[in-house]
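In case it helps, mature numbering (1 follows the signal peptide of the UniProt record, and there is no 0) puts the sequence shown at residues -25 to -1, 1 to 1132.
In this text, a Cβ means the ideal position worked out from N, Cα and C, and glycines have one as well.
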Amino acid sequence: MEVQRLKVRCSFFLLLLMLSVTVSRGQVLQNTEFHQLTPVDGLSQRSVYAILQDEQGYMWFATQDGLNKYNGYEFTIYTHNADDRYSISSNEVRTLYEDSKGNLWVGTLGRGVNLYDREKDRFIRFQGDIDRPQETLSDNSIWDIYEDNNGNFWVGTSWGLNLMERTGPKDEHYLSKDTHYVNKKNDSLSISSNNVTAIYEDSRGNLWVGTEDGLNIMNRQTGQFKRYFHDPDNKNSISANHITTIYEDSKGRLWIGTDGGGLNYYNYKEDTFSSYSHDNTDPNSIVGDRIYAIEEDYKGLLWIGTSNEGLSVFDRAKEQFHNFKYDKYNPKSIHKNGILSLFEGDDRTMWIGTFSGGVNFVDRDKKKIEHYKNNPNDSTSLTYNTVRSFLETSTGTFLIGTDGGGLNIFDRDNGTFSAIRHNPDDKNSIPSDVVLAMEEHQKKNHVWLGTYNGGVSQYNLADNTFKHYQHNPDDVNSLSSNDIFELYKSSRGNLWIGTNGGGVNVLDPQTENIRRYKEDPGDTTSIGNNDIRSFYEDSKGNIWIGSYGGNLTKFNRSKEEFQFFNINGGNLYSSVIQCMLEDQQQRLWLGTRGGGLKLFNRKTHKLTTYSKEDGLPNNVINGMLTDNNGHIWISTNDGLAKFDPDTEKFTKYGIKDGLQSREFSEGAHYKDRQGYMYFGGANGFNRFHPDSITATDKVPQLVLTNFQLFNETVKIGENTPLKKHISQTEQITLPYNSSVITLNYAALEYSAVKGVRYAYKLEGFDSKWNLVGKKRSATYTNLDPGEYHFKLKTANSDGVWGAEKDALTLVIVPPFWRTTWFYLISAILIIGVVSAGYRYRIRSIQEQNKRLEEKVELRTKELNKKNDDLQKALQDLKRTRSELIEKAHKAGMADLATGVIHNIGNILNSINISTTQIAETLNNSKLPKYKRANALLKEHKDNLEDFLINDPRGNKLLDYYLKLEKPLENEHQNLKAHCERLTQKVKLITEVIDTQQSFAKVGRVEESARLREIIKDILKIQSDSISRHELTIKTEFDDQDEVKVQKSKLMHILVNLFKNAKEAMAHKPPSERIIWIETWQEEEHLYLSIADNGSGIKKENLGSVFTQGFTTKDSGHGFGLHSSANYISEMGGSIKVKSDGQGKGATFILTFTKIDQ
């Protein structure tokens, strides 16, 4: 009999040992959740044959209907275009490979190999050519591409192995003679089959080639192959001949996947194979034998995809498989059992390509928060999803109370559950399936259970029996109510029982006596309310009680009295206290239902409140726990938060972080002896260790994804500003009239993309960073000519900002009349003209003087002859000389004016006047006298005092200096005014030329467009300006508003009108800055009006606003409205303005001819 018992015990021990093996295997990947990308998300097709992440960080997916590039937000799909020789050669993509230089190679079914040109965003094709069979691919159906250590490419096709050698200074690739390796019927040293399915060079330099019929290892010196075939009589041979994939893990182990023979491992030393195949009798064997993909993850686990049996994860060290299959009851299971491809990304996300199930992916690295819930298809899962209580016993048993599924015993090692349920036919069973509270009994293996409508039960875990404590109306020593919401074991060993409506009960475990405490409105020392929600014993032994509507109560043990804190009359929003805790600093924190988090000062009885406005996710707090670092973890009705009392900052966690749902259950919080925290909710419960929930400092890589001008994507081309793909472009040069520029960008983040935030800055324009949240575009309008640097930075889902990225340099080229060389030439011409005129005038005077001298000499001779007429002749001569000089002077001035007018134009007259006035000012300057006075001072510097006192000139000098200040100041002001007038006139010339040039050069291509769409584009362009100036935009559009216009000119007009309206309202408060935009139709015309309530226009000025040069602004020149009127006239429309006067706003109305419908 003893021997039999010993056998039973040994068998039981062996069973436990086997279970422990299963436990450790299950522990590998428990709580794995699969996410999905399908055509609904933008994927071109559901069958994904290959996956790759390139050096930039983009994900690439090969499908039956196109190649997909994914940036975490949207897909770019590349498909074949028969009219474009640079499009991908086929939509049927079968394999992807990125070489050592970052080039992407694409293998297709029936259309050869494609090399992706990343700069031009196009493809270069390599295909078989029957006219050059030895120099091109032997077949166009491509199954694998591989680069060896020499940089040569091996291509597996449906008709042999091909070598593409890398040659030349530019890394060209070509196929030369004798680069095809095909099966030869009578040659055992040739490749075993022409259908080459897998190629791999191992770390030892061996080139392995898998085919449809056998595995090969190639001697690249001789071009010969050693073959491996399945031998039914040799268990050490490869398990099947159809090779699907070859993979070497991080430990140098070579794995071979077969179609029908399972997984093989090659032993280099013995030159033998060991295999792993599916066993129907062993649920822990590999999931299937048709292996299509192998990938090792960062933990050294081997992921294995099968053709239609699901996914296996193999722990080589433990020789254990963990299998995943599609489960229709679990939306987080893998979505299809056919696995075609596997790839682990840089962020440790495992990507899974399925047959007809799209892309699945698993974010394992960030899954620090475990989630357990009910699975109807798994009897070992949690019995009910609403979790209300937790308890770890001193013996290590972990219990979970549910709100309808009874009591669950949680095996934390393997993630399985067993349940204890209420049996109505057994009065000794658990009294209710709703277990709301638990506490450990003093007796070993005994626990207290608080249930809904079942009272309190003492549960014996050893023999699975219950002892019930319930309400008896005839017994005042029984429980006051059977609805138990809270249990708490005090430091004295008594069990405090919180009921729903029955007040507080205190049970003495030794005597089993129960003492009741209930609310007595006539007794101020009684408990505040009978609906009890929480208990807490602080470090001084005080018992604190939170109730429903009864505020906060403290129990005085010595007096057996309750001290009541009337929170309703204080500064608390809610009096329902659902949980309490004391932190490491002995501060008492209260969690309320709707009133947020409260810090209660036990000395002053004052409260400090932290609510949603302070960063709390939600004001309903259901549970609180403290970690070893002093942080408080808070469960709410909208996620979980970590609160740092020292910094008063909250860190939020949501469903994306693994939470069971947004809503947690009241009172369902627990911390076990290892420091793990548990929070229950409406969809199961979460388990995590707070030390493992740390913010990652890894920030995703940033890329530019698109470049737009006037809201239209700019294509790559020789005749466009974009010569390369925007992600490959460092600088873009644009003409001065590129007035609307948009840049799109993305952070290549895949597991937590919704938490990514962005900021950008255009150096040279923005003075600070624009924090734009999730927005992924930046628009700039009307940039002045110059060089700008566009910078980006991003924050990950944990709020950690990365370094700024110099994304792009923008160069706006000025028009030729605004260039330095134009200004220089213009200045030289003006100086030349003035100088020539001056020289001409001097020369004319000199010639006149010469002629005068000759006449004087002649007259002198005549005077010698005519003494009697000397005086009269002398007077005539003087008069004649004066007249001639005056005429000469006038002639010179006329010639000069004519030259200036001829070369510069009427508009430069005012410049000439200003320069003349400057010259006169300088000629009449007091500066020479000032210099003479200074010279006088320098002359007497050695006896200055005597000079100033005794010399009459020195006496006058001091008064002279005092009087000199005002003339010099006037002189300075005159020169400054003249210079400003010159600047304005030069600017006026520039703007006239600007306007005429832009008017002459703007294209005249007209197109049909809807006014509402153009207006929406303008509002989108001006969105930052609207926000910055706090404008309110009101619109009303007619249903039929299609017109034929030159779109760019109309946008110019609207931007101009919008700018004028914005400036007209600058003096108003933000609430009154309103712009009305309206379209309507009457008979044959459509009308568009833009109205503001700004400064308005004087009635006498209404007829002049469209006149060139007219302006009412201090800094304006009147060309905006003038050019707008020219543009609308050219398009066959008209513009007019209405205003009731100054301060009463203005309305501009554009008229268009309707398009015949």
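Buried or exposed, going by whether 16 or more other CB atoms sit within 10 Å of the CB of residue i?
i	result
K1113	exposed
H217	buried
D234	buried
I502	buried
S(-6)	Note on S(-6): pLDDT 39, under 50, position unreliable in the model; the coordinate value appears next. S(-6) is exposed by the Cβ-count criterion.
P1045	exposed
E30	exposed
F204	exposed
G1116	exposed
L849	With a pLDDT of 42 at L849, under the threshold of 50, the modelled position of this residue cannot be trusted, and the question is left open.
Q560	exposed
Q433	buried
S354	exposed
H580	exposed
K1037	buried
F791	exposed
T680	buried
V595	buried
P592	buried
H877	Bear in mind that a pLDDT of 33 at H877, under 50, signals an unreliable position, so the number given afterwards is only what the model happens to contain. Result: exposed.
E1005	exposed
N839	Residue placement at N839 is poorly supported in this model, since its pLDDT is 49, which falls under 50; the coordinates are not used for a value here.
Q196	exposed
Name the residue from the options whose alpha carbon lies nearest to the alpha carbon of residue i.
i	options	result
A292	T281, K274, I279	K274
residue 1159	S456, V809, V715	There is simply no residue 1159 to check, as the chain begins at -25 and stops at 1132 in what is shown.
G739	Y733, D408, Y755	Y755
residue 1136	E187, R202, R637	Residue numbering for the chain in the displayed model covers -25 to 1132; residue 1136 lies beyond these limits and cannot be assessed.
F330	D353, Y301, I344	Y301
G748	G761, P760, A721, L737	A721
D773	F639, A753, D672, F682	D672
T499	I518, F540, R532, N488	F540
Y72	M34, E49, L27	L27
F296	W278, L411, S1099, L317	W278
L737	N757, T391, L783	L783
P696	D619, I787, I800	I787
G85	E94, L79, E67	E67
D96	E110, N349, S308, L42	L42
S667	S168, V674, K617, F1081	K617
Just checking my contact of residue i with residue j at CB under 8 Å: how many whole Å lie between their CB atoms?
i	j	result
G633	I1001	Not quite, the Cβ-Cβ distance comes to about 40 Å (not below 8 Å), so this is no contact.
Y61	F98	6 Å
I269	L229	Actually they are not in contact, since the Cβ atoms of I269 and L229 sit about 11 Å apart, beyond 8 Å.
S364	V410	6 Å
K311	G332	3 Å
Within the chosen definition, does the region 691 to 705 reach the region 795 to 804 through at least 3 CB pairs nearer than 8 Å? The region 691 to 705 makes no contact with the region 795 to 804, as fewer than three CB pairs between them are under 8 Å.
How do the region 198 to 214 and the region 229 to 245 stand: do at least 3 beta-carbon pairs fall below 8 Å, yes or no? Because the criterion of three Cβ pairs below 8 Å is met, the region 198 to 214 and the region 229 to 245 touch.
How do the region 983 to 995 and the region 1008 to 1021 stand: do at least 3 beta-carbon pairs fall below 8 Å, yes or no? Contact holds: three or more Cβ-Cβ distances are below 8 Å.
Could you tell me which uninterrupted beta strand (DSSP E) segments, each at least 3 residues in length, are contained entirely in the region 318 to 393, listed from first to last along the chain? You should have 324 to 329, 334 to 338, 345 to 347, 362 to 367, 373 to 377, 382 to 386.
Meets three-Cβ-pair contact criterion under 8 Å: the region 1048 to 1057 and the region 991 to 1010: Result yes; three or more Cβ-Cβ pairs closer than 8 Å.
In chain order, each beta strand (DSSP E) run of at least 3 residues that lies wholly inside the region 756 to 816: The beta strand (DSSP E) runs of length 3 or more contained entirely in the region 756 to 816 are, from start to end of the chain, 761 to 770, 780 to 788.
Touch check for the region 1062 to 1074 and the region 1121 to 1128: three-plus C-beta pairs under 8 Å? A contact exists between the region 1062 to 1074 and the region 1121 to 1128.
Could you tell me whether the region 81 to 89 touches the region 53 to 68, using the rule of 3 or more Cβ pairs below 8 Å? The region 81 to 89, when compared against the region 53 to 68, does touch it at the 8 Å Cβ threshold.
Between the region 600 to 612 and the region 548 to 566, do three or more beta carbon pairs fall short of 8 Å? The answer is yes - the region 548 to 566 touches the region 600 to 612, with three or more Cβ pairs under 8 Å.
Quick check: the region 156 to 175 against the region 129 to 140, are there 3 or more CB pairs under 8 Å? Yes, the region 156 to 175 touches the region 129 to 140.
Using a Cβ distance threshold of 8 Å, determine whether the region 361 to 378 contacts the region 309 to 327, with at least three qualifying pairs required. They do not touch, by the three-pair rule.
Give, in chain order, every unbroken run of the beta strand (DSSP E) that is at least 3 residues long and sits entirely within the region 82 to 165. Counting whole runs of 3 or more residues, the region 82 to 165 contains the beta strand (DSSP E) stretches 88 to 92, 97 to 101, 117 to 122, 128 to 132, 135 to 142, 147 to 149.
Three-pair Cβ contact test at 8 Å for the region 675 to 689 versus the region 375 to 392: Output reads no: the region 375 to 392 does not touch the region 675 to 689.
Along the chain, which unbroken stretches of the beta strand (DSSP E) at least 3 residues long are found entirely within the region 432 to 509? Counting only unbroken stretches of 3 or more residues, the beta strand (DSSP E) elements lying wholly within the region 432 to 509 are 440 to 444, 459 to 464, 470 to 474, 479 to 482, 489 to 492, in sequence order.
Taking contact to mean at least 3 C-beta pairs separated by less than 8 Å, is the region 458 to 467 in contact with the region 406 to 425? Yes, since at least three Cβ pairs between the region 458 to 467 and the region 406 to 425 fall closer than 8 Å, the two stretches touch.
Does the region 421 to 428 come close enough to the region 488 to 495 that 3 or more CB-CB pairs lie under 8 Å? Short answer: they don't touch.
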